[in-house]
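Residue numbers (full-length UniProt numbering): 5 to 324. Cβ atoms here follow ideal geometry from the backbone N, Cα and C, with glycine treated the same way. Only a predicted model underlies this, so the values are computations on that prediction, with no experimental measurement involved.
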Ligand code: NDP
């Protein structure tokens, strides 16, 4: 049987083009999306043949829906006679102009619930399935703005990612709490925090499960994919200027197909079998650039806090 990967948020941008690059490598892709009609037409437009894909529904902010996805994915893999060879945690929302926090049904702030907590639950539910595959990988989309080792991670607008001492999670993460660190709501920072939490989670998965299961855990920053719909809630002028700025000034711009190709490399290629690392192609894009394993900021490397983040997250998603 073909190798199978599940990609969340495959109806658009990086996730869609990752699915395309994996299908082109001969993989079967489970495209886990919140809008199946949109996913179907995106897959068709990108040229992912129906035989190479299965579309499954998920709303990552809804933990019952995440549980249903895990079941449906298991069933899809069983029916195909293969294994779940890779899980790609990609879906995300970015709501930089939200004036007040939006919340999911559990009352948790929506960008942390979608980007981080939903993926934390999904990863935990699918670990046994990955473990059963011959050479499984769990790949998570990180971002430069959550890594203060990179230039992009030092830009203080609106504020750098910072999980504090997890005071907000500790307090239950419900109204009036809206931030992981328990401080006043900053929508752009909520996104950055969710990505930093994911990068810490990937390291923690590695520490807890790599030796036991053989699963390869990695995060990556594919470059600045400045023209995906991720930025649709940003001001219109920003949506014009940002891609131009990234192309011409920072030289960080990466096309959507190239970003998908990079994700597929980390998922499928033999050069990417190191676990517990963060892959980057650098900030300034040069033709033929090679990936390198990049150190993370000290904010992502505190083992004690990583363990506490794990325990608090497990409680919030109802895993214990
Ligand atoms: P897009 O907005 O193009 O894609 C986001 C995807 O997530 C869409 O498929 C979207 O679905 C899906 N999604 C959003 N909310 C939910 C939900 N509640 N349940 C299920 N799916 C959901 O953004 P990008 O492709 O740019 O971003 C993808 C990943 O890449 C993110 O993790 C982002 O942090 C990361 N990244 C992006 C960079 C960039 O420059 N663009 C740089 C570095 C990392 P729908 O189509 O229905 O909206």
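(request) Return helix, strand or coil for residue 209, following the three-state DSSP convention. (result) helix
(request) Consult DSSP for residue 67 and reduce its assignment to one of helix, strand or coil. (result) helix
(message) Can you find the residues in the same chain that come closer than 6 angstroms, C-beta to C-beta, to residue 210, ignoring five residues on each side of it along the sequence?
(response) 221, 279 and 280
(request) Could you check which residue in 201, 89 and 52 has the C-alpha nearest to that of residue 217? (result) 89
(message) Taking the beta carbon of residue 245 as the centre, do at least 16 other beta carbons fall within 10 Å, making it buried, or is it exposed?
(response) exposed
(request) Answer yes if the region 190-203 comes into contact with the region 163-182, meaning at least three C-beta pairs across the two stretches below 8 angstroms, and no otherwise. (result) yes
(message) Any heavy atom of the ligand NDP closer than 6 angstroms to the beta-carbon of residue 2?
(response) No answer is possible for residue 2: it lies beyond the span of the chain, which begins at 5 and ends at 324.
(request) Could you tell me which of 73, 52 and 56 sits nearest to residue 62, measuring between CA atoms? (result) 73
(request) Please classify residue 225: does DSSP put it in a helix, a strand, or coil? (result) strand
(request) Specify the secondary structure class of residue 204 as computed by DSSP and reduced to three states. (result) helix
(request) Using a threshold of 7 angstroms, state whether the C-beta atoms of residue 99 and residue 237 are closer than that. (result) yes
(request) Look up residue 28 in the DSSP assignment and say whether it is helix, strand or coil. (result) helix
(message) With three or more beta-carbon pairs closer than 8 angstroms as the criterion, would you say the region 224-231 touches the region 129-137?
(response) no
(message) Are there any heavy atoms of the ligand NDP lying less than 6 angstroms away from the beta-carbon of residue 2, as far as the coordinates show?
(response) Since the first residue of the chain shown is 5 and the last is 324, residue 2 is not available in this structure.
(message) Helix, strand or coil for residue 80? Go by DSSP, reduced to three states.
(response) helix
(request) Give a yes or no on whether the C-beta atoms belonging to residue 298 and residue 258 are separated by under 7 angstroms. (result) no
(request) In the DSSP assignment, find the alpha helix (DSSP H) that holds residue 40 and state where it starts and stops. (result) 40-50
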